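Below: the structure, in C-alpha coordinates.
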Amino acid sequence: MALSRVNRILNHLSKSREIARPSIQHLSGATSVLSTRKSVKILDSSISYLDTGNVQQNKNTVVFLHGNPTAAYLWRNIIPHVQDQARCLAPDLIGMGHSGKNPTGSYTYFDHYRYLSEWFEAIGIGISDKVTIVCHDWGSGLGLHWCHMNQDQVNAIVHMESMVSTVPSWDMFPELAAKFFQALRSPTGEEMVIKNNLFVERLLPGSIIRELTKEEMDEYRKPYVSEGESRRPTLTWPREIPVERQPKDVHETVTAYSTWLRQTQIPKLYIHADPGFFSPAIKKTALKFPNTTMVTVKGLHFLQEDSPDEIGKAISKFLETI
(Lines of atoms letter the chains of each structure in order from A and count residues from 1; the text may use other names and numbers.)
(Lines give C-alpha, C1' and ligand atoms only; values in the text may rest on other atoms or scores of the structure.)
Protein backbone atom coordinates (compact mmCIF):
# COMPACT_ATOMS: atom_id res chain seq x y z
CA MET A 1 0.00 0.00 0.00
CA ALA A 2 1.54 3.32 -1.07
CA LEU A 3 2.34 5.75 1.77
CA SER A 4 0.27 8.52 0.21
CA ARG A 5 -2.78 6.25 0.11
CA VAL A 6 -2.26 5.22 3.74
CA ASN A 7 -2.14 8.88 4.70
CA ARG A 8 -5.40 9.57 2.84
CA ILE A 9 -7.16 6.77 4.71
CA LEU A 10 -5.70 7.73 8.09
CA ASN A 11 -6.69 11.33 7.49
CA HIS A 12 -10.26 10.19 6.84
CA LEU A 13 -10.38 8.01 9.93
CA SER A 14 -8.92 10.67 12.22
CA LYS A 15 -11.16 13.58 11.31
CA SER A 16 -14.67 14.11 12.48
CA ARG A 17 -17.35 13.49 9.89
CA GLU A 18 -20.73 15.00 9.39
CA ILE A 19 -23.63 12.61 9.15
CA ALA A 20 -24.78 12.59 5.53
CA ARG A 21 -28.55 12.38 5.71
CA PRO A 22 -30.04 10.29 2.91
CA SER A 23 -31.81 12.36 0.29
CA ILE A 24 -35.58 12.15 -0.18
CA GLN A 25 -34.90 10.33 -3.44
CA HIS A 26 -32.68 7.78 -1.71
CA LEU A 27 -35.16 7.27 1.11
CA SER A 28 -38.01 6.72 -1.32
CA GLY A 29 -36.08 4.30 -3.52
CA ALA A 30 -34.61 2.39 -0.59
CA THR A 31 -37.96 2.11 1.16
CA SER A 32 -39.50 0.69 -1.98
CA VAL A 33 -36.73 -1.86 -2.39
CA LEU A 34 -36.71 -2.89 1.26
CA SER A 35 -40.48 -3.43 1.13
CA THR A 36 -39.91 -6.34 -1.28
CA ARG A 37 -38.38 -8.52 1.44
CA LYS A 38 -39.32 -12.20 1.39
CA SER A 39 -38.18 -15.32 3.20
CA VAL A 40 -37.79 -18.91 2.10
CA LYS A 41 -36.99 -22.07 4.02
CA ILE A 42 -33.54 -23.32 3.09
CA LEU A 43 -32.30 -26.63 4.47
CA ASP A 44 -32.73 -26.40 8.26
CA SER A 45 -33.04 -22.60 8.41
CA SER A 46 -34.32 -19.69 6.32
CA ILE A 47 -32.90 -17.10 3.96
CA SER A 48 -34.35 -13.58 3.81
CA TYR A 49 -34.00 -11.72 0.54
CA LEU A 50 -35.10 -8.70 -1.46
CA ASP A 51 -36.94 -9.41 -4.72
CA THR A 52 -38.17 -6.60 -6.97
CA GLY A 53 -39.92 -9.08 -9.28
CA ASN A 54 -39.86 -9.62 -13.02
CA VAL A 55 -39.87 -6.63 -15.37
CA GLN A 56 -42.73 -7.20 -17.82
CA GLN A 57 -41.40 -9.72 -20.37
CA ASN A 58 -37.77 -9.00 -19.52
CA LYS A 59 -36.21 -12.16 -18.11
CA ASN A 60 -32.97 -10.53 -16.96
CA THR A 61 -32.03 -11.33 -13.37
CA VAL A 62 -29.41 -9.57 -11.27
CA VAL A 63 -28.30 -11.05 -7.95
CA PHE A 64 -26.55 -8.76 -5.44
CA LEU A 65 -24.31 -10.50 -2.91
CA HIS A 66 -23.03 -8.77 0.23
CA GLY A 67 -20.09 -9.64 2.47
CA ASN A 68 -18.96 -9.20 6.07
CA PRO A 69 -20.58 -7.79 8.26
CA THR A 70 -23.31 -6.33 6.06
CA ALA A 71 -26.54 -7.60 4.51
CA ALA A 72 -28.77 -7.07 1.48
CA TYR A 73 -29.46 -3.65 3.04
CA LEU A 74 -26.09 -2.58 1.59
CA TRP A 75 -27.65 -2.54 -1.90
CA ARG A 76 -30.79 -0.53 -1.02
CA ASN A 77 -29.71 2.64 -2.87
CA ILE A 78 -28.19 0.81 -5.84
CA ILE A 79 -31.01 -1.53 -6.81
CA PRO A 80 -33.38 1.36 -7.73
CA HIS A 81 -31.06 2.19 -10.65
CA VAL A 82 -31.34 -1.37 -11.99
CA GLN A 83 -34.81 -2.63 -11.12
CA ASP A 84 -36.43 -1.29 -14.30
CA GLN A 85 -34.05 -3.42 -16.36
CA ALA A 86 -34.11 -6.69 -14.47
CA ARG A 87 -35.48 -8.69 -11.59
CA CYS A 88 -33.19 -7.71 -8.71
CA LEU A 89 -32.53 -10.20 -5.93
CA ALA A 90 -30.40 -9.65 -2.84
CA PRO A 91 -30.16 -12.38 -0.17
CA ASP A 92 -28.96 -12.02 3.39
CA LEU A 93 -26.35 -14.73 3.92
CA ILE A 94 -27.08 -17.35 6.56
CA GLY A 95 -26.74 -15.94 10.08
CA MET A 96 -26.60 -12.39 8.72
CA GLY A 97 -29.14 -9.64 8.10
CA HIS A 98 -32.68 -10.97 8.51
CA SER A 99 -31.80 -14.58 7.65
CA GLY A 100 -32.02 -17.44 10.10
CA LYS A 101 -29.11 -18.98 11.97
CA ASN A 102 -27.29 -22.15 11.08
CA PRO A 103 -28.46 -24.59 13.80
CA THR A 104 -24.95 -26.08 13.94
CA GLY A 105 -23.47 -22.67 14.77
CA SER A 106 -20.92 -23.05 11.98
CA TYR A 107 -20.36 -20.25 9.43
CA THR A 108 -17.44 -21.35 7.29
CA TYR A 109 -17.13 -20.37 3.65
CA PHE A 110 -18.62 -23.70 2.57
CA ASP A 111 -21.47 -23.45 5.08
CA HIS A 112 -22.43 -20.15 3.48
CA TYR A 113 -22.01 -21.54 -0.04
CA ARG A 114 -24.22 -24.53 0.74
CA TYR A 115 -27.12 -22.33 1.89
CA LEU A 116 -26.61 -19.84 -0.95
CA SER A 117 -26.61 -22.57 -3.61
CA GLU A 118 -29.83 -24.00 -2.21
CA TRP A 119 -31.34 -20.50 -2.20
CA PHE A 120 -30.62 -20.08 -5.92
CA GLU A 121 -32.60 -23.24 -6.61
CA ALA A 122 -35.39 -22.45 -4.15
CA ILE A 123 -36.25 -19.09 -5.72
CA GLY A 124 -36.63 -20.63 -9.14
CA ILE A 125 -33.43 -19.75 -10.97
CA GLY A 126 -33.34 -22.68 -13.34
CA ILE A 127 -30.50 -24.17 -15.29
CA SER A 128 -31.57 -22.29 -18.43
CA ASP A 129 -31.78 -18.89 -16.72
CA LYS A 130 -29.05 -16.30 -17.22
CA VAL A 131 -27.96 -14.31 -14.18
CA THR A 132 -25.76 -11.27 -13.64
CA ILE A 133 -23.88 -11.48 -10.35
CA VAL A 134 -23.04 -8.23 -8.52
CA CYS A 135 -20.73 -8.96 -5.61
CA HIS A 136 -18.61 -7.38 -2.90
CA ASP A 137 -16.25 -8.57 -0.17
CA TRP A 138 -17.07 -12.20 0.79
CA GLY A 139 -20.11 -11.98 -1.47
CA SER A 140 -17.56 -12.06 -4.27
CA GLY A 141 -15.83 -15.10 -2.80
CA LEU A 142 -19.18 -16.90 -2.90
CA GLY A 143 -20.51 -15.32 -6.09
CA LEU A 144 -17.41 -15.87 -8.22
CA HIS A 145 -17.28 -19.51 -7.12
CA TRP A 146 -20.97 -19.89 -8.03
CA CYS A 147 -20.23 -18.40 -11.45
CA HIS A 148 -17.36 -20.84 -11.96
CA MET A 149 -19.58 -23.77 -10.98
CA ASN A 150 -22.54 -22.56 -13.10
CA GLN A 151 -20.85 -21.00 -16.12
CA ASP A 152 -23.73 -21.56 -18.53
CA GLN A 153 -26.06 -19.57 -16.27
CA VAL A 154 -23.85 -16.48 -16.03
CA ASN A 155 -24.77 -13.46 -18.12
CA ALA A 156 -22.20 -11.08 -16.64
CA ILE A 157 -20.20 -10.32 -13.49
CA VAL A 158 -19.90 -7.06 -11.56
CA HIS A 159 -17.47 -6.91 -8.65
CA MET A 160 -15.94 -4.36 -6.25
CA GLU A 161 -13.52 -4.61 -3.30
CA SER A 162 -13.61 -8.26 -4.26
CA MET A 163 -11.72 -11.48 -3.61
CA VAL A 164 -10.20 -12.04 -7.02
CA SER A 165 -7.20 -14.06 -5.83
CA THR A 166 -5.62 -15.68 -2.81
CA VAL A 167 -3.08 -13.86 -0.62
CA PRO A 168 0.38 -15.46 -0.99
CA SER A 169 1.83 -13.95 2.18
CA TRP A 170 0.98 -11.79 5.19
CA ASP A 171 3.60 -9.43 3.77
CA MET A 172 1.01 -8.45 1.17
CA PHE A 173 -0.96 -6.70 3.93
CA PRO A 174 0.08 -3.34 5.39
CA GLU A 175 1.78 -4.10 8.73
CA LEU A 176 -1.09 -2.85 10.92
CA ALA A 177 -3.67 -4.71 8.83
CA ALA A 178 -1.64 -7.92 9.00
CA LYS A 179 -1.42 -7.73 12.78
CA PHE A 180 -5.13 -6.99 13.02
CA PHE A 181 -6.24 -9.93 10.88
CA GLN A 182 -3.74 -12.26 12.53
CA ALA A 183 -5.21 -11.29 15.90
CA LEU A 184 -8.68 -12.14 14.62
CA ARG A 185 -7.43 -15.61 13.68
CA SER A 186 -6.08 -16.13 17.21
CA PRO A 187 -8.00 -16.68 20.48
CA THR A 188 -7.93 -12.88 20.90
CA GLY A 189 -10.46 -12.68 18.08
CA GLU A 190 -13.15 -14.04 20.38
CA GLU A 191 -13.00 -10.98 22.60
CA MET A 192 -12.56 -8.59 19.68
CA VAL A 193 -15.69 -9.78 17.88
CA ILE A 194 -17.87 -12.09 19.97
CA LYS A 195 -17.65 -9.75 22.98
CA ASN A 196 -16.96 -6.30 21.48
CA ASN A 197 -18.68 -6.62 18.06
CA LEU A 198 -15.64 -5.04 16.41
CA PHE A 199 -16.66 -5.52 12.79
CA VAL A 200 -19.96 -3.71 13.16
CA GLU A 201 -18.99 -1.06 15.70
CA ARG A 202 -15.55 -0.13 14.35
CA LEU A 203 -14.64 -1.68 11.01
CA LEU A 204 -17.92 -0.95 9.22
CA PRO A 205 -18.25 2.77 10.06
CA GLY A 206 -14.48 3.24 9.80
CA SER A 207 -14.50 1.89 6.23
CA ILE A 208 -17.02 4.45 4.94
CA ILE A 209 -16.14 8.06 4.13
CA ARG A 210 -19.41 9.55 5.32
CA GLU A 211 -20.91 8.88 8.73
CA LEU A 212 -23.85 6.51 8.81
CA THR A 213 -27.05 7.72 10.46
CA LYS A 214 -28.28 6.10 13.66
CA GLU A 215 -31.04 4.37 11.68
CA GLU A 216 -28.50 2.92 9.24
CA MET A 217 -26.18 1.73 12.02
CA ASP A 218 -29.11 0.20 13.89
CA GLU A 219 -30.05 -1.83 10.82
CA TYR A 220 -26.51 -3.16 10.44
CA ARG A 221 -26.33 -3.92 14.19
CA LYS A 222 -29.65 -5.77 14.26
CA PRO A 223 -28.40 -9.36 13.78
CA TYR A 224 -25.53 -8.85 16.24
CA VAL A 225 -27.07 -6.90 19.12
CA SER A 226 -26.73 -9.77 21.59
CA GLU A 227 -23.22 -10.54 22.75
CA GLY A 228 -22.20 -14.08 21.94
CA GLU A 229 -22.72 -16.57 19.12
CA SER A 230 -24.99 -14.30 17.07
CA ARG A 231 -21.74 -12.53 16.08
CA ARG A 232 -19.98 -15.75 15.06
CA PRO A 233 -20.39 -15.17 11.29
CA THR A 234 -18.45 -11.90 11.48
CA LEU A 235 -15.52 -13.62 13.20
CA THR A 236 -15.45 -16.75 11.06
CA TRP A 237 -15.21 -14.76 7.83
CA PRO A 238 -11.76 -13.21 8.49
CA ARG A 239 -10.55 -16.62 9.60
CA GLU A 240 -11.48 -17.95 6.14
CA ILE A 241 -9.35 -15.46 4.14
CA PRO A 242 -6.98 -17.64 2.07
CA VAL A 243 -3.55 -16.44 3.24
CA GLU A 244 -0.38 -18.51 2.77
CA ARG A 245 -2.50 -21.36 1.35
CA GLN A 246 -4.68 -21.62 4.46
CA PRO A 247 -7.50 -22.61 4.85
CA LYS A 248 -6.62 -25.18 2.21
CA ASP A 249 -10.15 -25.72 0.86
CA VAL A 250 -10.82 -21.99 0.46
CA HIS A 251 -7.38 -21.46 -1.10
CA GLU A 252 -8.07 -24.15 -3.70
CA THR A 253 -11.53 -22.77 -4.48
CA VAL A 254 -10.38 -19.16 -4.93
CA THR A 255 -7.38 -20.29 -7.00
CA ALA A 256 -9.70 -22.26 -9.29
CA TYR A 257 -12.18 -19.46 -9.96
CA SER A 258 -9.39 -16.88 -10.30
CA THR A 259 -7.77 -19.04 -12.99
CA TRP A 260 -11.14 -19.37 -14.74
CA LEU A 261 -11.72 -15.60 -14.62
CA ARG A 262 -8.44 -15.09 -16.50
CA GLN A 263 -9.83 -17.22 -19.32
CA THR A 264 -13.57 -16.67 -19.64
CA GLN A 265 -15.00 -14.10 -22.03
CA ILE A 266 -18.06 -13.48 -19.84
CA PRO A 267 -18.51 -9.67 -19.66
CA LYS A 268 -17.17 -8.17 -16.44
CA LEU A 269 -17.50 -4.78 -14.80
CA TYR A 270 -14.92 -3.95 -12.16
CA ILE A 271 -15.89 -1.01 -9.95
CA HIS A 272 -12.73 0.49 -8.51
CA ALA A 273 -12.91 2.33 -5.17
CA ASP A 274 -10.82 5.46 -4.68
CA PRO A 275 -8.96 5.36 -2.36
CA GLY A 276 -10.45 1.97 -1.46
CA PHE A 277 -8.92 -0.47 1.01
CA PHE A 278 -7.93 -3.39 -1.20
CA SER A 279 -8.79 -1.88 -4.59
CA PRO A 280 -5.25 -1.00 -5.75
CA ALA A 281 -4.18 -4.65 -5.45
CA ILE A 282 -7.50 -5.93 -6.81
CA LYS A 283 -7.21 -3.68 -9.85
CA LYS A 284 -3.92 -5.29 -10.91
CA THR A 285 -5.61 -8.68 -11.04
CA ALA A 286 -9.06 -7.62 -12.27
CA LEU A 287 -7.67 -5.89 -15.36
CA LYS A 288 -6.05 -9.18 -16.40
CA PHE A 289 -9.51 -10.71 -16.78
CA PRO A 290 -10.62 -10.56 -20.45
CA ASN A 291 -13.68 -8.54 -21.49
CA THR A 292 -13.43 -6.27 -18.44
CA THR A 293 -14.72 -2.72 -18.17
CA MET A 294 -13.60 -0.54 -15.25
CA VAL A 295 -15.18 2.49 -13.63
CA THR A 296 -13.88 4.39 -10.60
CA VAL A 297 -16.03 5.78 -7.78
CA LYS A 298 -15.32 7.42 -4.44
CA GLY A 299 -15.18 5.09 -1.47
CA LEU A 300 -13.21 3.02 1.00
CA HIS A 301 -14.23 -0.62 1.49
CA PHE A 302 -18.00 -0.19 1.75
CA LEU A 303 -18.19 2.05 -1.31
CA GLN A 304 -21.91 1.34 -1.72
CA GLU A 305 -22.56 3.70 1.20
CA ASP A 306 -20.54 6.53 -0.34
CA SER A 307 -21.30 6.26 -4.07
CA PRO A 308 -24.58 4.38 -4.53
CA ASP A 309 -25.78 6.48 -7.46
CA GLU A 310 -22.49 6.18 -9.33
CA ILE A 311 -22.40 2.42 -8.76
CA GLY A 312 -26.05 1.97 -9.71
CA LYS A 313 -25.70 4.01 -12.90
CA ALA A 314 -22.52 2.14 -13.86
CA ILE A 315 -24.27 -1.22 -13.47
CA SER A 316 -27.30 0.01 -15.42
CA LYS A 317 -25.13 1.27 -18.28
CA PHE A 318 -23.13 -1.97 -18.29
CA LEU A 319 -26.30 -4.07 -18.52
CA GLU A 320 -27.33 -2.12 -21.62
CA THR A 321 -24.14 -3.21 -23.38
CA ILE A 322 -24.44 -6.96 -22.88
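Quick note: to get my numbering, add 4 to the position in the sequence shown (first position is 1). C-beta atoms are modelled at their ideal positions from N, C-alpha and C, and glycine is treated no differently. Note that the structure is a prediction, hence the values are computed from the model and not measured.
Query                                                                                                                      : Result
Where Phe185 sits in the DSSP three-state scheme                                                                           : helix
Nearest to Thr259 (by Cα), restricted to the options Gln269, Pro246, Ser234                                                : Pro246
CA-to-CA distance, Ser132 to Pro178, given in whole angstroms                                                              : 44 Å
Per DSSP, cross-strand counterpart(s) of Ala277                                                                            : Val301
Residue burial classification, Arg236 (beta-carbon count within 10 angstroms, cutoff 16)                                   : buried
Cut-off 8 Å between Cβ atoms - residues of its own chain near Gly316, not counting five sequence neighbours on either side : Asn81, Ile82, Ile83, Pro84, His85, Val86
Own chain partners of Thr136 with C-beta closer than 6 Å, once the 5 adjacent residues on each side are dropped            : Val66, Asn159, Ala160
Strand pairing of Ala160, partner residues [DSSP]                                                                          : Thr136
Opposing strand residues paired with Ala94 [DSSP bridges]                                                                  : Leu54
Burial state of Glu165, where buried means 16 or more other Cβ atoms lie within 10 Å                                       : buried
First and last residue of the uninterrupted alpha helix (DSSP H) at Ser39                                                  : Neither: Ser39 is in no alpha helix (DSSP H) and is coded neither H nor E.
Backbone CA spacing between Asp115 and Arg266 [nearest angstrom]                                                           : 27 Å
Whether Thr238 touches Tyr224 by CB criterion (8 Å)                                                                        : no
Between the CA atoms of Lys302 and Pro384 - distance to the nearest angstrom                                               : Past the boundaries of the shown model lies residue 384; the chain is included only from 5 to 326, so the question cannot be answered.
Burial state of Asn11, where buried means 16 or more other Cβ atoms lie within 10 Å                                        : Note that Asn11 has pLDDT 44, beneath the 50 cutoff, so the model's placement of it is unreliable and the number below is only indicative. Counting Cβ neighbours within 10 Å, Asn11 comes out exposed, since fewer than 16 surround it.
Neighbour-count burial assignment, Thr3, 16 or more Cβ in a 10 Å radius                                                    : As shown, the chain starts at 5 and ends at 326. That puts residue 3 outside it, with no answer to give.
Counterpart residues of Gln250 in DSSP-defined beta bridges                                                                : Val247
Coarse secondary structure for Leu120, derived from DSSP in three states                                                   : helix
Length of the line joining the Cα atoms of Arg41 and Tyr53                                                                 : 5 Å
Spatial distance of Gly193 from Ile326 (CA atoms)                                                                          : 44 Å
For Met167, the nearest candidate out of Ser39, His30, Ile275 (CA to CA)                                                   : Ile275
Residue from Thr74, Ala290, Met176 with nearest C-alpha to Ser211                                                          : Thr74
Contact set for Gly185: own chain, Cβ-Cβ below 6 Å, skip 5 residues either direction                                       : What sits at residue 185 in the sequence shown is Phe, not Gly. If we look at Phe185 and ignore the five residues flanking it on each side, its Cβ neighbours are Pro242.
Rounded C-alpha distance that separates Leu323 from Asp253                                                                 : 33 Å
For Phe68, the three-state DSSP class (helix, strand or coil)                                                              : strand
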